[in-house]
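Heads up, the thing below is written out as structure tokens.
Protein chains: 2
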Amino acid sequence: MVVCSYYLELRYNIHLWIADMELYQLRTLVTVADAGNLTHAAERLYTSQPAISAHVKALEQELNVKLFDRTPKGMRLTAHGKILIEKAHSVLNAANELRIEASMLSGELAGAVKIGLNTNAEFLQLSKLHDQLISKSPQLKIQLSEGISVELLDEIRRGSIDGSFYFGSNSLKEVESIYLTSANIVVAGASKWKDQLNTATPADLAKLPWIYPVPFCPYHDFVNTLFEDVAEKPKWTADASSESSMNVLLRSGVGIALIREDEAQPWVDEGLITLWQGQSFSLPLNFGYLKKRKQDPLIRALVQSVQESFEEA
Amino acid sequence: MVVCSYYLELRYNIHLWIADMELYQLRTLVTVADAGNLTHAAERLYTSQPAISAHVKALEQELNVKLFDRTPKGMRLTAHGKILIEKAHSVLNAANELRIEASMLSGELAGAVKIGLNTNAEFLQLSKLHDQLISKSPQLKIQLSEGISVELLDEIRRGSIDGSFYFGSNSLKEVESIYLTSANIVVAGASKWKDQLNTATPADLAKLPWIYPVPFCPYHDFVNTLFEDVAEKPKWTADASSESSMNVLLRSGVGIALIREDEAQPWVDEGLITLWQGQSFSLPLNFGYLKKRKQDPLIRALVQSVQESFEEA
DNA sequence: GCCTACTATCAGAATTCCCGATTGTTGATG
DNA sequence: CATCAACAATCGGGAATTCTGATAGTAGGC
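Keeping their order, the protein sequence lines are chains Z and H. For the record, in the first sequence the residue sitting at position 6 is 6 according to my numbering, with numbers rising by one throughout. For the record, in the second sequence the residue sitting at position 311 is 1311 according to my numbering, with numbers rising by one throughout.
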């Protein structure tokens, strides 16, 4: 903020202060509007809640417009805020176009690419992807973030990651995808259930203790399909909050669960777990990115590298 | 700048740093491109040359594009720079639209208005203008900057002032104007030339010592008109770098000069100077503003206030 | 060959920005 | 009705960035 003081031939002093709006404040504005409250917006922007609060306050003061109604439930856009947030989006879009144009001109990509991972790095050929990207764009920094497919897709929509692997299908029209491969999903349990699993029908399976898949995980659909015709649905014995914890529970004999065949195989070989032979499912692995960024050189390079890393494999 | 460090299941560390482009850097970029060198750009932006230099450098590093060629004459846009500066303009225009939208919504104008003055405050009804603006928009801060008409018009074009008074005609197609009044310009000299001035023809006048008007001042045209048919052009005895210094020279008897009749009158009454009766000129006073900002509430309020302050008078 | 106009760089100063802790508010819950 | 949880605003101290003034380096004009 700059404060100046002028004295002309007049009888009064004239003060002026310029507190120019900045892009980081606009980024905060749209994030708060999307997140609905300061706390979540702060998390998304990797900063603190007071910082976010200050950004919004500064913008409101400078524009002389109340942008949000403060409620105990969070921040709700005012009518004026809704209008101005459209303009804020225009500004940020224009800024993005500048970045895109710059990366087209520079030829070599710089900055950072944020990639979402929905499962273990080996399956996603991450090492190959890394090599691909670095060989093409040595300046490029790679940021990885782990999560489950549905959340990662939402992060793409919000623009907080550039692209992401995900399992299953995609319901977001803003997100475009390429198909990479399919994973074979099988039913597995610790070795102690070997006999039961060998001869089991779906109805038998339902009587065994099941490990509940990650919420919103595409595995759910398979479970539903499996027990479609079974009257007595399976009992859930444990919750798994992530894929890896699910696998730990599986190996330690807590219950039966769905697992990717390639992940299961080493443990089968070691005799730790056993597979049900009745049925398996095909789960597509895709890579998604924001449709409107299709021409963005960063996205093009990313998608191409992902594709190549899977063609190699 | 944020620096993060991630460690996944991979064998390598991944570092990321985000240094987000900001509007102040784009404002600098555009100003440097227009000014042609860092020094002048720094003056326009009321900051120092090293600061400007750092902005440009940071942008170039982040975008990974060389924007300017550094020459001993200044900064010359590269081909890439020319492309990107268009995008930068888009961003700044979008940001301006946000501001305009906000001031339409807030009803009450806030922030600052920068007004250019080409002559003394009394003649421009500045006191009335101030009262007009403050009564309509108490929050509004007023900044004044003095200069000569041509430079002020250029400042309007560049957007460094919102509007300005100016004498004479305007050759900039980007600038729209309203006509306010006309000043009567007369030839005057110190009292010691009283006898000569009373009976002088233009040819006689040319023989007297003249005070050179401010460069690019519309007064020049009047001098040219006056001595159009005179073979022997007048001798310039002194340079006046501003209107007020010209008047000082005039009163102290250094030479003959053009002066606004309303300014001259008090001194005539005091017997300090005398006027030539041969011819006088009509010099229009206008108020200019950027054509594309015609709908901007700030501009509308400003132009309306200027108009009203002159209707009152 | 000197002078001028220009940009880049540096270390220190000034400013801004951010963080953690705290308070106050509201709505939900037992 | 009291308690608790979720949220935003505020404050002081600390961290980070930005700005400044001085200086060095470079090329063109006289």
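Ideal placement from N, C-alpha and C gives every residue a C-beta, glycine not left out. All of these numbers come straight from a predicted model, not from anything done at the bench.
Exposed unless 16 or more other CB atoms sit within 10 angstroms - verdict on residue i
i: valine 1248 (chain H); result: exposed
i: tyrosine 1219 (chain H); result: buried
i: serine 164 (chain Z); result: buried
i: glutamine 1277 (chain H); result: exposed
i: serine 1149 (chain H); result: buried
i: isoleucine 1299 (chain H); result: buried
i: serine 5 (chain Z); result: Note that serine 5 (chain Z) has pLDDT 33, beneath the 50 cutoff, so the model's placement of it is unreliable and no number is given.
i: proline 1297 (chain H); result: buried
i: lysine 114 (chain Z); result: buried
i: proline 72 (chain Z); result: exposed
i: tryptophan 236 (chain Z); result: exposed
i: tyrosine 46 (chain Z); result: exposed
i: serine 1252 (chain H); result: exposed
i: asparagine 184 (chain Z); result: exposed
i: tyrosine 12 (chain Z); result: With a pLDDT of only 30 at tyrosine 12 (chain Z), under 50, the local geometry of the prediction cannot be trusted, and the value read off the model is given with reservation. Under this definition tyrosine 12 (chain Z) is an exposed residue.
i: glutamine 125 (chain Z); result: buried
i: glutamine 1295 (chain H); result: exposed
i: glutamate 1232 (chain H); result: exposed
i: aspartate 1069 (chain H); result: exposed
i: tyrosine 1179 (chain H); result: exposed
i: arginine 76 (chain Z); result: exposed
i: threonine 1039 (chain H); result: exposed
i: proline 1050 (chain H); result: exposed
i: valine 1003 (chain H); result: Note on valine 1003 (chain H): pLDDT 33, under 50, position unreliable in the model; the coordinate value appears next. Valine 1003 (chain H) is exposed by the Cβ-count criterion.
i: leucine 205 (chain Z); result: buried
i: asparagine 286 (chain Z); result: buried
i: proline 266 (chain Z); result: exposed
Residue i - partner residues in DSSP beta bridges
i: tyrosine 289 (chain Z); result: Z:Gly163 and Z:Glu176
i: glutamine 143 (chain Z); result: Z:Lys114
i: arginine 158 (chain Z); result: None, per the DSSP bridge assignment.
i: leucine 1152 (chain H); result: For leucine 1152 (chain H), which the question treats as bridged, DSSP gives no partner whatsoever.
i: isoleucine 1185 (chain H); result: H:Arg1260 and H:Phe1281
i: threonine 1071 (chain H); result: H:Gly1074
i: leucine 133 (chain Z); result: Note: leucine 133 (chain Z) sits in no beta bridge, so no partner.
i: alanine 1190 (chain H); result: H:Ile1273
First and last residue of the uninterrupted alpha helix (DSSP H) at residue i
i: alanine 1203 (chain H); result: 1202 to 1207
i: glutamate 104 (chain Z); result: Here the sequence assigns methionine to residue 104 (chain Z), which means glutamate is not the residue at that position. Its alpha helix (DSSP H) spans residues 79 to 106.
i: proline 1297 (chain H); result: 1297 to 1312
i: asparagine 1170 (chain H); result: Segment: none, asparagine 1170 (chain H) is in no alpha helix (DSSP H) and carries neither H nor E.
i: proline 316 (chain Z); result: With chain Z running from 1 to 313 in the structure shown, residue 316 (chain Z) is simply not present.
i: tyrosine 1025 (chain H); result: The amino acid occupying residue 1025 (chain H) in the given sequence is glutamine; tyrosine does not appear at that position. Unbroken alpha helix (DSSP H) run through glutamine 1025 (chain H): 1023 to 1035.
i: lysine 57 (chain Z); result: 49 to 63
i: proline 39 (chain Z); result: Sequence check: residue 39 (chain Z) is threonine here, not proline. Here the alpha helix (DSSP H) through threonine 39 (chain Z) covers 38 to 44.
i: valine 1254 (chain H); result: That residue, valine 1254 (chain H), is in no alpha helix (DSSP H); it is neither H nor E in DSSP.
Near the ligand SAH: residue i beta-carbon under 7 angstroms from a heavy atom
i: asparagine 96 (chain Z); result: Of the ligands one can find in the structure shown there are none, so the ligand SAH has no counterpart to examine.
Self-check item: chain H contacts made by the segment 78 to 96 of chain Z, where a contact means CB separation under 7 angstroms
Solution: His80, Ile83, Leu84, Lys87, Ala88, Ser90, Val91, Ala94 and Ala95
Practice problem: Determine which residues of the segment 125 to 140 of chain Z have a Cβ less than 8 angstroms from any Cβ of chain H, and write them out in chain order. | Solution: Leu126, Ser127, His130 and Gln139
Quiz item: Using a beta-carbon distance cut-off of less than 8 angstroms, what residues from the segment 1048 to 1069 of chain H approach chain Z?
Solution: Glu1062, Leu1063, Asn1064 and Val1065
Quiz item: In chain order, what residues of the segment 18 to 37 of chain Z put their CB closer than 7 angstroms to some CB of chain H?
Solution: Ile18, Asp20, Met21, Glu22, Leu23 and Tyr24
Quiz item: How about the segment 62 to 78 of chain Z and the segment 110 to 130 of chain Z: do they share at least three Cβ pairs that are nearer than 8 angstroms?
Solution: no
Quiz item: Are three or more beta carbon pairs between the segment 187 to 196 of chain Z and the segment 268 to 275 of chain Z nearer than 8 angstroms?
Solution: yes
Quiz item: When the Cβ atoms of the segment 1163 to 1180 of chain H are set against those of the segment 1127 to 1138 of chain H, are three or more pairs found closer than 8 angstroms?
Solution: no
Practice problem: Select from the segment 1194 to 1226 of chain H all residues with a C-beta closer than 7 angstroms to any C-beta belonging to chain Z, and list them in chain order. | Solution: none
Quiz item: If you pair each beta-carbon of the segment 137 to 149 of chain Z with each one of the segment 94 to 113 of chain Z, do three or more pairs fall below 8 angstroms?
Solution: yes
Quiz prompt | Interface residues of the segment 1250 to 1264 of chain H facing chain Z [CB-CB below 7 angstroms] | solution = none
Quiz prompt | the segment 1256 to 1270 of chain H in contact with the segment 1145 to 1162 of chain H per 3-pair CB rule at 8 angstroms | solution = no
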